[in-house]
Every structure is written in structure tokens, then in C-alpha cells.
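Residue numbers (my numbering): 29 to 359.
Beta carbons: idealized from backbone N, C-alpha and C, even for Gly.
Have a look at the structure below, then the notes.
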């Protein structure tokens, strides 16, 4: 390996515009990773402030999938729907590391509301067979998600259909006479309803959201691995902080039995190590949803005042996110 190869940067591909770009930047900022664009918003290359060895590539969400598949990007932020549509055996060829909590949308099968007897994929199978028997042709499905549709329909035994690839507003295809039903992505379902369409009861193909994806085919030099560890460590620390709270109290001593009981009852962990404070001070980390219950319980154990504190980052000696990455990328 040449010195140049060893120093080649980790390439992180993120969406280049719109809400996805804004949400991606906010996500990384919460993890202490500020994305920068050297020459402003029109610059399609950037960096992470205070983290050398990382190059940001601003691309469309669809282009990001292609770059990951080719190994031209190490990490990418893109929709799971695009990954599973464009990449065969996505779980074998890419590493879907973590859902990021934004860009949520569902890929669904939708039929006309007027089809009152069609509520499930099994009903659709019957309608498709009847349609072909009566008309001598297959029922049409308009979609941009050709591969997802074929796999999902095959899983449900629906074969008498043909795909009409949609280049425009897919939800308008049935009203325009271009298709009998559609497979499309939706967030609230309002646009489908406005076009007199309904989602089948078992017609959700994929619940998608923006996802952090790693590319096994990329050149994982020592420098790129070090940058990956730094990024994943900070993301894991921010995620742990987001879902946790620190509960602090001053209790009558001894406190070790109270701490042990709190760990059992409230999934808590001592924030200051296993050795009890001789003065009765305790700081416990617990799931966010259990913080109020733990605080009330500590008052019952003799605490006069309990504080619940939001956390910014929580670093752990064991990083499950990086371990999942290492397991797939290899040594």
C-alpha cells in the first residue's frame, strides 16, 4: 500500500439538497460532526469540521446508492427504499448500519377506493385472475419501484399483472386510465386519498427512512477505518444520550443496595462507576421513558430532591454500531 492510499479520505455521501440534506446535517451536528461546504451551498464537496480524513460528497439520494454499490463512497445517507429497489440482495452487498429517524415514508400497494371487495393482497390475486380471464390481458401496476413490486407480489402469489413504469405522478395513473393500481411511496396517505386510492391492509411493502449505509467494496485503508470509528463512535454516543436521562439524588447512606435495586427495576446503570459514593450521592443513567418513575422511586428511598438531566453524548467502552461495521467489513 502506498502512502497516498493509506492517507486517502473516507468518503461520506449525503443528500445534496432539500429536507434530506437539512436533516442529515442536523443529525451529524447532534453527534458533534459539523458538515461544511468549502465554497458554499453550490460546492458538491465538503468536510467534517475538526475531523480530518473525511470528504463529504453531496449527491442525489439515488446517486448515493450507486456510489455505495460501486465502492466509490464508504458511507452514505440515503433512503432504505432506494437501497432495496436498486441493489439486489441489499443486505449482502451493503451494510445498513443505522436508521436515522428522518425521511420516513412507506412503499405501499394502493388500489381504487371503488374496489370495495379488495382489501388484501389475497383479494388482489383473485381480482387479477378475474381481470385476465375477462379481458385477456394482465392488470397494470404503475410504479417507480419495479424490483420491490415484483418481489412483494411474488411473495403473495400475485402473478397476473404487468408493470407500467411511472415517470410522473404515480398516484394519478388509475384516474388517467394508465393503470389499475399503483405501488408508490407515501408519508401520510393524503395524496392517495385525494386520488381516490386506498392502501391494502397488508399492502405495506417497506417502512422506509433515511439510513446510514456502509459499502464493503470501498477501499478501507487504515485511515478510512480510523475515520469510520470516529464517526460511528460519536453517532452511537449521541444516540445513547438521546434515548437516556441521568437521574441524580442525594440519599441516606449506604446507597449500594438502592443503586442495585434501581438497576434491576429501571434498567439503570451507575453513571460514576460501580463504587458507591461515601456521601450518598448517586447518578444513574436510565431509559428516557423510565426517568420520572425512577425519580419518584428515589424520593421514596429517602432522597429529598432528585434531578433529571438531559445528556449530550454518552460514550461507552463497547460500541455496538462499530462492532456491526467491523463484522461486515472485516479485518
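- Pairing residue 163 with residue 207, the inter-Cα distance amounts to about 14 Å.
- With fewer than 16 other beta carbons inside 10 angstroms of its own, residue 72 counts as exposed.
- Taking a contact as a CB-CB distance under 8 Å, the pair residue 82 and residue 228 does not count as one, their CB atoms being some 43 Å apart.
- Two segments are said to touch when three or more pairs of C-beta atoms, one from each, lie closer than 8 Å; by this definition the segment 302–317 touches the segment 262–276.
- Residue state for residue 340 is assigned as coil, using DSSP reduced to three classes.
- DSSP places residue 118 inside the alpha helix (DSSP H), whose first and last residues are 118–121.
- The beta carbons of residue 171 and residue 212 sit closer together than 9 Å.
- Ranked by Cα distance from residue 37, the first of 75, 55 and 66 is 75.
- Excluding sequence positions up to five before and after residue 106, its CB lies within less than 6 Å of the CB of 89, 92 and 93, all in the same chain and listed in chain order.
- Contact between residue 336 and residue 310 does not hold, since their C-beta atoms are separated by about 13 Å, which reaches or exceeds 8 Å.
- From the listed residues 260, 344 and 119, the smallest Cα separation to residue 301 is found for 344.
- Between residue 156 and residue 188, the C-beta gap is smaller than 9 Å, which places the two residues in contact.
- With fewer than 16 other beta carbons inside 10 angstroms of its own, residue 80 counts as exposed.
- For residue 181, the three-state secondary structure derived from DSSP is helix.
- By alpha-carbon distance to residue 232, the top candidate from 216, 224 and 118 is 216.
- DSSP places residue 134 within a strand segment (E or B) once states are collapsed to three.
- Judged by DSSP in its simplified three-state form, residue 86 adopts strand.
- Counting only the Cα atoms, residue 201 lies some 10 Å from residue 195.
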